[in-house]
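Numbering (mature numbering (1 follows the signal peptide of the UniProt record, and there is no 0)), first residue to last: -20 to -1, 1 to 376.
The beta-carbon is built from N, C-alpha and C at its ideal position, and this holds for glycine as well.
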């Protein structure tokens, strides 16, 4: 049995301070004064540079429970760093990057993109495209072909389907583009030969967190359902595996009596509705991530089951508001997508510098409940929680 460990984490620290020099032209300036001014500006730029790491407040000693797509042990993202010298070398290359997303319509994706764009800007790397495949493998292949016409030095992507997209990603690698993956790896692509690294959250740890919250809310007994991702996606498989293993091994009086698979984020309502119709005495349901879990909440409400206990993974705005208001969702295991984006950008920098890269990197898990939701939001997104969420906490 894998033991659950809650990770104590503090609020995110601010990013790098950027100082801007001011150029002043004067027809009366002497060569000596111009030389002095240029020297001063150079020193200002040099002192403005700082090493790039993920959030320094994330527990560097946190145990990563997840394994990589090929069973690799995880390297913690807290160990990654670009030095000032590294950054200066990367800036000299005038590199470009493209972000080829599987889906860009949720808080998780937006936070990843924000972390990537912010970090690439510090590295002097221009992001020339951000695409949204809308969970369509065919569209993602088309997006890749369009992006590759612009010859980016780096592509950061999360494959929508590891089989259908594999050939397109392999062609990109063969053209010399550095590939960094989020969460999933295309079939038959290998580390070093085809891609730089894959970065994910500790999805196994987050699955454990969701199970622990649900079990505590149920008092260690009851009947539950599991809404899982019916796709070849190793990180969502890990979440479900961790949730179910934790329930079965630690809570013998909680019985998993129903399982339903979703193929996309909009399937939660239909699957949960069918589950509650067949099993009207369910006490709880686990949803594999936040967006389909919103559908589970809607299904419970339609069935008159506001007492249903729900847990999930990913701290989206809607589930955060539900938790803050004391709704059906009692807690979740959260990824740290902004820091995952920072880690992906750092690894791209490693590749540009011909530095050795680990095949699998993970960011520690975070347990979120009503008690810590405001701090957790700031930790996840590097910004304050939405006003609605703050108001809901104050009114509860």
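> From residue 92 to residue 322, what distance separates their C-alpha atoms?
Replying inline: If I take the Cα positions, the gap works out to 8 Å.
> Just checking my contact of residue 111 with residue 32 at CB under 8 Å: how many whole Å lie between their CB atoms?
Replying inline: The C-beta distance from residue 111 to residue 32 rounds to 25 Å, too long to fall under 8 Å, and the pair is not in contact.
> Which word fits residue 136, buried or exposed, when buried means at least 16 other C-beta atoms lie within 10 angstroms of its C-beta?
Replying inline: buried
> Buried or exposed: residue 125, going by 16 or more other Cβ atoms within 10 Å of its Cβ?
Replying inline: By the Cβ neighbour-count rule, residue 125 is exposed, with fewer than 16 other Cβ atoms within 10 Å of its own.
>> With a threshold of 8 Å on Cβ separation, who are the neighbours of residue 247 within its own chain once the five nearest residues in sequence on each side are excluded?
In response: 272 and 275
> Is residue 337 closer than 8 Å to residue 176 when the C-beta atoms are compared?
Replying inline: yes
> Can you tell which of 53, 80, 70 and 96 has the C-alpha that lies nearest to the C-alpha of residue 361?
Replying inline: 96
>> Please report the straight-line C-alpha distance between residue 64 and residue 45, rounded to a whole angstrom.
In response: 32 Å
>> Tell me the rounded alpha-carbon separation between residue 197 and residue 291.
In response: Their backbone Cα atoms lie some 10 Å apart in a straight line.
> For residue 238, which of helix, strand or coil comes out of DSSP?
Replying inline: Three-state DSSP puts residue 238 in a strand.
> So what's residue 261 in DSSP terms, helix, strand or just coil?
Replying inline: coil
> Leaving out the 5 sequence neighbours to the left and right, which residues in its chain are closer than 6 Å to residue 139 when beta-carbon positions are compared?
Replying inline: 145, 164 and 166
>> For residue 20 and residue 270, I'd like the C-alpha separation in whole angstroms.
In response: Any reading at residue 20 must be qualified, since the residue scores a pLDDT of 40, below 50, and its modelled position is unreliable; the value itself is stated next. Between residue 20 and residue 270, the C-alpha separation is close to 50 Å.
> Beta-carbon separation of residue 187 and residue 293 under 8 Å?
Replying inline: Yes, these two residues count as a Cβ contact at 8 Å.
>> Does residue 181 come out as helix, strand or coil in the three-state DSSP assignment?
In response: strand
>> In the DSSP assignment, the beta strand (DSSP E) including residue 208 goes from what residue to what residue?
In response: 202 to 209
> Can you tell which of 82, 129, 210 and 298 has its C-alpha closest to the C-alpha of residue 161?
Replying inline: 82
> Taking just the CA atoms, how far does residue 105 sit from residue 199?
Replying inline: 51 Å
> Thinking just about the alpha-carbon of each residue, which of 90, 150 and 75 is nearest to the one in residue 130?
Replying inline: 75
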